[in-house]
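Chemist:
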Amino acid sequence: MCALVVTGTVLTGCGSDDPDAGTNGVGKLPAEQIQTKTKAAAESADTVRLSGTVVTSGRTYKLDMQLKADGGTGSVTAEGATFKLLRIGEKLFLKADAGFWSHEDGKGDDKGSDTAAADKLDGKFVKVPQGDPSYKKFIGFTDKDVLLESLLTLHGDLATDGHHEQSGTRTIRVTGGDGAGGTLDVSLEGKPYPLRLERAGGAGTLTFSGWGKPFELAAPAKDETVDYGKQLPTS
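In structure tokens:
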């Protein structure tokens, strides 16, 4: 039942048309300030889980990564192959099946030996040497600061595009270039964390969750690890 409350000379009824009622208030801010606050919130969080797709250099990567300041872990799928990445400090490990490691370009006469070598790596954590091209190629997927800095950027003039919802959480949407420069849904509950991103130019869609939720990173057992030294076998 609706009741009227009289406070001084103000007559207040039940209900509210204010979409920001009971929120953290960022929905009332200009788009530029919302972006500043959500970047600051993301940077301050110790951890995050990032899931979705990223298109870069014409290649699509499907990611499901848990990230923190000193490392990350999760899976990456590219060109039909799925592999696991684990980084602890500067040590990067890659775990994949034999198919990932097999030479499938048909070149050379050592296909049999290549297959045998790949079988030995099947399901093992292979330590990626820092001087190997794969280290530079994959380490970015495990670096919280690098990923967020590159992803949480909208292009063009910023504007807000209404109130929305992401996995049951109320959000305010910020757009760049009327949406052509990407869209970012920012939480209206608790800290203004980014919750969903559509990248400019159809370059992928990502969701962010588990902000500040602790998780452990553990080095693989020695009998599950292969160390090739300075260079990986060609994959």
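Numbered continuously in our numbering, the sequence shown closes out at residue 1600.
Here a beta-carbon is modelled for each residue, glycine too, at the ideal position from N, C-alpha and C.
This structure is a prediction, so every number in the text was calculated from the model and none was measured.
Quick one: grab the DSSP three-state call for Asp1609.
Modeler: In the structure displayed, the chain extends from 1366 to 1600; residue 1609 sits before or after that span and is not available.
Chemist: Going by alpha carbons, who is nearest to Glu1397 out of Leu1549, Gly1566, Gly1577 and Leu1562?
Modeler: Position 32 of the sequence shown, counted from the start, is the residue given in the question as residue 1397. It is Leu1549 whose Cα lies nearest to the Cα of Glu1397.
Chemist: Measure the Cβ-Cβ separation of Thr1401 and Tyr1558 and say whether it is below 8 Å.
Modeler: Within the sequence shown, residue 1401 is the residue found at index 36, counting from 1. Within the sequence shown, residue 1558 is the residue found at index 193, counting from 1. Going by C-beta atoms, Thr1401 is not nearer than 8 Å to Tyr1558.
Chemist: Let's see if you can read the secondary structure: which residues bound the alpha helix (DSSP H) around Tyr1500?
Modeler: To locate residue 1500, count along the sequence shown from 1; it is residue 135. Start and end: Pro1498 to Ile1504.
Chemist: Under three-state DSSP, which class holds Gly1521?
Modeler: As a working note, residue 1521 is residue 156 in the sequence shown. Gly1521 falls in the coil class under three-state DSSP.
Chemist: Would the stretch 1521–1530 and the stretch 1423–1430 be scored as touching if the rule is three or more Cβ pairs under 8 Å?
Modeler: Short answer: they don't touch.
Chemist: Beta-carbon within less than 8 Å of Arg1424's beta-carbon, same chain only, minus the 5 sequence neighbours each way: which residues are those?
Modeler: Reading the sequence shown from its first residue, position 59 is the one you call residue 1424. Contacts found: Ala1443 and Glu1444.
Chemist: Taking Glu1554 as part of the beta strand (DSSP E), name the residues at either end of that continuous run.
Modeler: Here residue 1554 refers to the residue found at position 189 when the sequence shown is read from its first residue. First-last for Glu1554: undefined, no H or E at that position.
Chemist: What are the boundary residues of the beta strand (DSSP E) that Gln1431 is part of?
Modeler: Start at 1 with the first residue of the sequence shown, and residue 1431 comes out as number 66. Where Gln1431 is concerned, the enclosing beta strand (DSSP E) stretches over Arg1424 to Lys1433.
Chemist: Give the single residue among Ala1583, Asp1588 and Tyr1593 whose Cα lies nearest to the Cα of Gly1439.
Modeler: Numbered from 1 along the sequence shown, position 74 holds the residue referred to as residue 1439. Nearest option by C-alpha distance: Ala1583.
Chemist: Based on Cα-Cα distance, which residue from Asp1592, Ser1416, Gly1594 and Pro1384 lies nearest to Gly1575?
Modeler: On the sequence shown, position 210 is the one that residue 1575 refers to. Nearest C-alpha to Gly1575: Ser1416.
Chemist: Inspect the beta-carbon positions of Leu1457 and Ile1399 and report whether they are closer than 8 Å.
Modeler: Along the sequence shown, read from residue 1 onward, the residue named residue 1457 stands at position 92. Along the sequence shown, read from residue 1 onward, the residue named residue 1399 stands at position 34. For Leu1457 and Ile1399, no; Cβs fall outside 8 Å.
Chemist: Determine, using beta carbons only, whether Phe1506 and Val1551 come nearer to each other than 8 Å.
Modeler: What you label residue 1506 is simply residue 141 of the sequence shown in a count that begins at 1. What you label residue 1551 is simply residue 186 of the sequence shown in a count that begins at 1. No, these two residues do not count as a Cβ contact at 8 Å.
Chemist: Using DSSP with H/G/I as helix, E/B as strand and the rest coil, what is Ser1409?
Modeler: Locating residue 1409 in the sequence shown gives position 44, where the first residue counts as 1. Looking at Ser1409 - three-state DSSP - the assignment turns out to be helix.
Chemist: From Asp1588 to Thr1447, what distance separates their C-alpha atoms?
Modeler: For the purposes of this step, residue 1588 is taken as residue 223 along the sequence shown, with counting starting at 1. For the purposes of this step, residue 1447 is taken as residue 82 along the sequence shown, with counting starting at 1. Looking at the two C-alpha atoms, the distance is approximately 22 Å.
Chemist: Give me whichever residues DSSP pairs with Gly1439 in a beta bridge.
Modeler: For this step, residue 1439 is matched to residue 74 along the sequence shown. Answer is Met1430 and Leu1450, bridged to Gly1439.
Chemist: Between Lys1509 and the rest of its own chain, which residues show a CB-CB distance below 7 Å, the 5 nearest in sequence each way excluded?
Modeler: Mapped onto the sequence shown, residue 1509 falls at position 144. Within the same chain, Lys1509 has close Cβ partners Val1413, Leu1432, Lys1433, Ala1434 and Gly1437.
Chemist: Taking the DSSP output, what are the residues bridged to Lys1460?
Modeler: Residue 1460 sits at position 95 when you count from the first residue of the sequence shown. Its beta-bridge partners are Lys1449 and Phe1490.
Chemist: Which residues bound the alpha helix (DSSP H) around Val1511?
Modeler: Within the sequence shown, the letter at position 146 stands for residue 1511. First-last of the alpha helix (DSSP H) with Val1511: Lys1509 to Leu1516.
Chemist: Okay, do the stretch 1383–1397 and the stretch 1512–1526 touch, 3+ Cβ pairs below 8 Å being the bar?
Modeler: With a cut-off of 8 Å, the stretch 1512–1526 and the stretch 1383–1397 count as touching, because enough Cβ pairs lie within range.
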